[in-house]
Structures are given as C-alpha cells and as structure tokens.
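> Have a look at the structure that comes next, please.
Residue numbers (this note's numbering): 3 to 176.
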C-alpha cells in the first residue's frame, strides 16, 4: 500500500500542475457564445507599447483599451498534450453583423492579422502556443512556427527567432 501511495503521489502532483497551467486565462466557448461572459485581457507589447487589436493602439491606462480573450479548441483533461490557444478580439458590434475576430498567421499571404473565424480555412493558422517567459508571454503559431512581433508602426509581423518576438503583458480586466 505504501509503494502505491509513493508512486501515485508524484503522478497526481504533476497532473495537477499540468492541468492548472494557463487554464485560468481560458474562456469556455459556450460562455463566449451563449452567455457573453469572457475572461478579458488587454495584451500589451513591452517594446512598442501597442495594445493588440484589429488595429493596434498605443496603451493608455486611462482610456478604453481593446480587449482580447482566449479559447482552447479541444481541452485536454489529463494535461498530457500542449494547449493551443485561439486569441479573440472583442469588438463592439451591433446587430446581425457580429463576427468572431481571431488572430491568424496566414502563410499564403505571409502576414498576421485579425480575421473573421468563419472565413479561415485552416484551423491551425489561428492556433497559438502561449510561451511563458517570466511575467510576459510569447505567441507562436502552430501552422507556420512564426512568433508574433508588433512593429514600431503597430503592424503585426511573423518572425522565426524567439529573441525578435514581442513580449506581451497580459492585463486582466475584472
């Protein structure tokens, strides 16, 4: 009995840590679609000061900033595989023209931009690995392997080296 306990304890601890990692930033799809409840973030690039949105704007803590949220396509209950996040941009649209805007790395156009999720053919182009580096995160696209970089002009760019990627601060909005 003691041997089983000694074997099971480390497995339980590792599973708990894996299951908890980055799970607190995820918005459940049914909450987003049906209830309009989001775990909202302002995503700010450290180097340029731009807040991520369809049209990035300089971060101003006193003003209304663009808001983003994350979803996961297939949640893994065991924590055995890496989670791939979809970065959504909340828009204030009225009426039937409400679209779900997601961050896409389009390999055909060789550019990164927010696009309407309904019109994206390859799902992997809108799935991102969130890589934690201290208090900042990097976003790496599943399809292309490019890291997200925000230029000094506020444009999105794909880079291949981690050192060139944008360090993004997630500011949680309650």
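Beta carbons: idealized from backbone N, C-alpha and C, even for Gly.
1. Is it buried or exposed for residue 36, if we count other Cβ within 10 angstroms and need 16 for buried?
2. Which term fits residue 52, buried or exposed, when burial requires 16 or more other beta carbons within 10 angstroms of its beta carbon?
3. Considering only DSSP beta bridges, list what residue 115 is partnered with.
4. Nearest CA to the CA of residue 146: which residue from 113, 90 and 38?
5. So residue 140 packs on residue 133, CB below 8 Å; how close in whole Å?
6. Put residue 31 into one of helix, strand or coil per three-state DSSP.
7. Should residue 143 and residue 127 be called a contact, given that it needs their Cβ atoms to be closer than 8 Å?
8. Under the DSSP definition of a beta bridge, which residues are partnered with residue 143?
9. Is the number of C-beta pairs between the region 86-94 and the region 64-75 that are closer than 8 Å three or more?
10. For residue 159, which three-state DSSP category applies?
11. For residue 68, collect the residues of the same chain with a Cβ closer than 6 Å to its Cβ; drop the 5 residues on either side in sequence, then sort them by chain order.
12. In the DSSP assignment, the beta strand (DSSP E) including residue 72 goes from what residue to what residue?
13. From residue 105 to residue 136, what distance separates their C-alpha atoms?
In terms of the structure at hand:
1. The residue in question, residue 36, is exposed, as its Cβ has fewer than 16 Cβ neighbours within 10 Å.
2. When all chains shown are included, residue 52 counts as buried.
3. As a beta-bridge residue in DSSP terms, residue 115 pairs with 106.
4. Ranking the options by Cα distance to residue 146, first place goes to 113.
5. Yes, they are in contact, since the Cβ atoms of residue 140 and residue 133 sit about 4 Å apart, within 8 Å.
6. Helix at residue 31.
7. Against a cut-off of 8 Å, the Cβ pair of residue 127 and residue 143 comes out as a contact.
8. Beta-bridge pairing links residue 143 to 130.
9. Per the Cβ contact rule, the region 86-94 is in contact with the region 64-75 (3 or more Cβ pairs under 8 Å).
10. When secondary structure is reduced to three states using DSSP, residue 159 falls in the strand class.
11. Excluding five sequence positions before and after residue 68, the CB atoms of its chain that fall closer than 6 Å to its own CB belong to 53 and 55, given in chain order.
12. That run of the beta strand (DSSP E) goes 70-74.
13. Cα atoms of residue 105 and residue 136: separation of roughly 23 Å, rounded to the nearest angstrom.
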